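S.K.: If you number the sequence shown the way our numbering does, the last residue is 117 and the count never jumps.
For each residue, glycine too, the CB sits at the ideal point set by N, CA and C.
This one's a predicted model, so the numbers in the text were calculated from it and none came from an experiment.
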Amino acid sequence: VQLQAFGGGLVQAGGSLRLSCAASGSIFAIDVMGWYRQAPGKQRELVASITRGGYTNYADSVKGRFTISQDSAKSTVYLQMNSLKPEDTALYFCNAQTVLLGQYWGRGTQVTVSS
3 VQLQAFGGGL VQAGGSLRLS CAASGSIFAI DVMGWYRQAP GKQRELVASI
53 TRGGYTNYAD SVKGRFTISQ DSAKSTVYLQ MNSLKPEDTA LYFCNAQTVL
103 LGQYWGRGTQ VTVSS
């Protein structure tokens, strides 16, 4: 499984960004896709995830502001980020989890929110 992420950038507080992550390869094996983030000096944390069946999970810090979704082919996952805060600044990583093949990570995409 290969993951390619798009959509990071610089935005002012209160603004919006949309991240995309396109999976290729053995996408039939993917059970869950999600986004994690890591700020300088902090551990990587889950932001949001979505199962093949569409069940979503969010970190408390982003509930009501971020929305994760996937396309009908279950090969691309999106993270719509609204009402961004400076504390959302981090390197965002796409993740795919499979039962038999383990988990995969995409390259990080930087999100910077200025105050």
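Under a Cβ-count criterion, where at least 16 other Cβ atoms within 10 Å of its own Cβ denotes burial, should Ser63 be classed as buried or exposed?
M.R.: The residue you call residue 63 lines up with position 61 of the sequence shown. Its Cβ having fewer than 16 others within 10 Å, Ser63 is exposed.
S.K.: On the DSSP bridge list, what partners appear for Ser36?
M.R.: If you number the sequence shown from 1, residue 36 lands on position 34. The sequence shown places Gly at residue 36, rather than the Ser named in the question. For Gly36, which the question treats as bridged, DSSP gives the partners Ser51 and Asn97.
S.K.: Answer with buried or exposed for Arg109, where buried requires no fewer than 16 other C-beta atoms within 10 angstroms of its C-beta.
M.R.: The residue given as residue 109 occupies position 107 in the sequence shown. Label assigned to Arg109: exposed.
S.K.: Candidates Arg54, Arg67 and Val49: which alpha carbon is nearest Tyr60's?
M.R.: Along the sequence shown, one-based indexing puts residue 60 at 58. With distances taken between Cα atoms, Tyr60 lies closest to Val49.
S.K.: I'd like the span of the beta strand (DSSP E) that includes Thr114, first residue to last.
M.R.: For this step, residue 114 is matched to residue 112 along the sequence shown. Thr111 to Ser116 is the extent of the beta strand (DSSP E) around Thr114.
S.K.: Mind checking Leu103: buried by the 16 CB within 10 Å criterion, or exposed?
M.R.: Within the sequence shown, residue 103 is the residue found at index 101, counting from 1. With fewer than 16 Cβ atoms within 10 Å of its Cβ, Leu103 is classed as exposed.
S.K.: Straight-line CA distance for Val113 to Asn84?
M.R.: On the sequence shown, residue 113 is found 111 positions in, with the first residue counted as 1. On the sequence shown, residue 84 is found 82 positions in, with the first residue counted as 1. In a straight line, the C-alpha of Val113 is about 12 Å away from that of Asn84.
S.K.: Helix, strand or coil, according to DSSP, for Val13 in the structure here?
M.R.: Locating residue 13 in the sequence shown gives position 11, counting from the first residue. Reduced to three states, the DSSP call for Val13 is strand.
S.K.: Please determine, among Lys87, Gln40 and Gln99, the residue with the shortest C-alpha to C-alpha distance to Ser18.
M.R.: The residue you call residue 18 lines up with position 16 of the sequence shown. Checking every option, the nearest Cα to that of Ser18 belongs to Lys87.
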